[in-house]
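This report refers to the structure that appears directly beneath it.
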Amino acid sequence: MQEAIERAVEVLRSGGVIVYPTDTVWGVGCDATNPEAVARVYALKRSENKKGMIVLVDSIGNVARYFRRVPPVAWDLLECADKPLTLILPGAVGVASNLIPEEGTLAVRVPDHAFCRKLVQRLGRPLVSTSANLSGGATPKRFEEIDPAILAGADHVVDPRWEGHPTRQASSIILLGEGGEVKIIRE
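For the sequence shown, UniProt numbering assigns the number 1 to the initial residue and increments by one for each residue that follows.
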């Protein structure tokens with residue numbers, strides 16, 4: 001696994017785009033702090049939807065690094081989550097500006113996937129994660145379902161043997177307001 005992670009990190013650090021497995025579905029990603037790489041992901045997916053992109057961090061403790069202030073309820077939700085959970089939080093900082101929508105939020109998730117966590121940890125920065133499909137297309141639950149255009153447009157494709165045991169479902173999404181307001185976007 002270490003060799004596969006090192007190869008992917010090399011590509012990410014050089015501004016590249018990768019296709020990789022997560023604990024949910026296959027994703028397309030890049031270094032979330034690199035605006036040129038983020039633009040390449042939008043172009044590859046044929047989308048400019050900033051709300052369709054999330055970032056992965058390697059631990060709950062690292063969530064706070066990318067927000068001015070994390071609403072206290074976020075910590076409870078992250079600690080209690082028993083399935084993949086994405087939180088949309090206000091006050092995003094420390095990532096590429098073209099990843100942040102007008103309202104200043106950012107979607108963040110801590111994957112329960114050994115390969116992803118080690119990849120993000122080794123990268124030392126958040127990793128963009130968006131489903132490995134063209135905008136409007138079906139979300140690939142298995143490697144074989146990834147659109148050939150996505151595979152051809154990526155700089156690196158992680159070997160499917162590192163897939164593990166994904167849920168094959170997109171994560172739940174909860175939007176938290178600055179005052180702790182909670183809105184369920186997707187269950």
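Even glycine gets a Cβ: it sits at the ideal position worked out from N, Cα and C.
None of the values given here were measured: they were computed from a predicted structure.
Taking a contact to mean a Cβ-Cβ separation below 8 Å, would you say residue i touches residue j in this structure?
i, j, result
"A92", "G164", "no"
"I173", "W26", "no"
"T130", "G52", "yes"
"D31", "R13", "yes"
"V17", "A154", "yes"
"K141", "R161", "no"
"T22", "P166", "yes"
"D9", "R122", "Just to set this straight, residue 9 is Val in the shown sequence, not Asp. Against a cut-off of 8 Å, the Cβ pair of R122 and V9 comes out as a contact."
Compare the C-alpha of residue i against each of the options and name the closest.
i, options, result
"A74", "T167, A37 and V110", "V110"
"K183", "L87, G137 and Y20", "L87"
"A170", "V128, K83 and P148", "K83"
"L175", "P166, R168 and R186", "R186"
"L89", "D159, P148, G104 and T24", "G104"
"G15", "E3, P35 and V28", "P35"
"N98", "G61, A43 and D76", "A43"
"T24", "P72, C116 and E144", "C116"
"S47", "F143, A132 and P148", "A132"
For my contact list, residue i and residue j are in at a C-beta cut-off of 8 Å; report their separation, rounded to the angstrom.
i, j, result
"L106", "V55", "6 Å"
"R156", "V11", "The question names Arg, yet the displayed sequence has His at residue 156. Contact holds; Cβ gap of about 4 Å."
"L151", "V19", "6 Å"
"V41", "Y66", "Contact doesn't hold; Cβ gap of about 17 Å is too wide."
"P71", "E178", "7 Å"
"D159", "A4", "6 Å"
Return the bridge partner residues of residue i from the DSSP annotation.
i, result
"T22", "T22 pairs with nothing; no bridge assigned."
"V128", "V55"
"I174", "L87 and I184"
"F67", "A92"
Between which two residues does the alpha helix (DSSP H) harbouring residue i extend?
i, result
"V41", "P35 to K45"
"G27", "Counting along the chain, G27 falls outside any alpha helix (DSSP H), though it belongs to the beta strand (DSSP E) covering G27 to G29."
"K118", "A114 to L123"
"L77", "P72 to C80"
"E145", "Here E145 belongs to no alpha helix (DSSP H), and DSSP marks it neither H nor E."
"V9", "Q2 to R13"
For the beta strand (DSSP E) that contains residue i, what are its first and last residues?
i, result
"L99", "Neither: L99 is in no beta strand (DSSP E) and is coded neither H nor E."
"A107", "L106 to R109"
"R186", "V182 to R186"
Within 8 Å of any Cβ in chain D, is that where the Cβ of residue i sits?
i, result
"A74", "You won't find chain D in this structure, because it holds only one protein chain."
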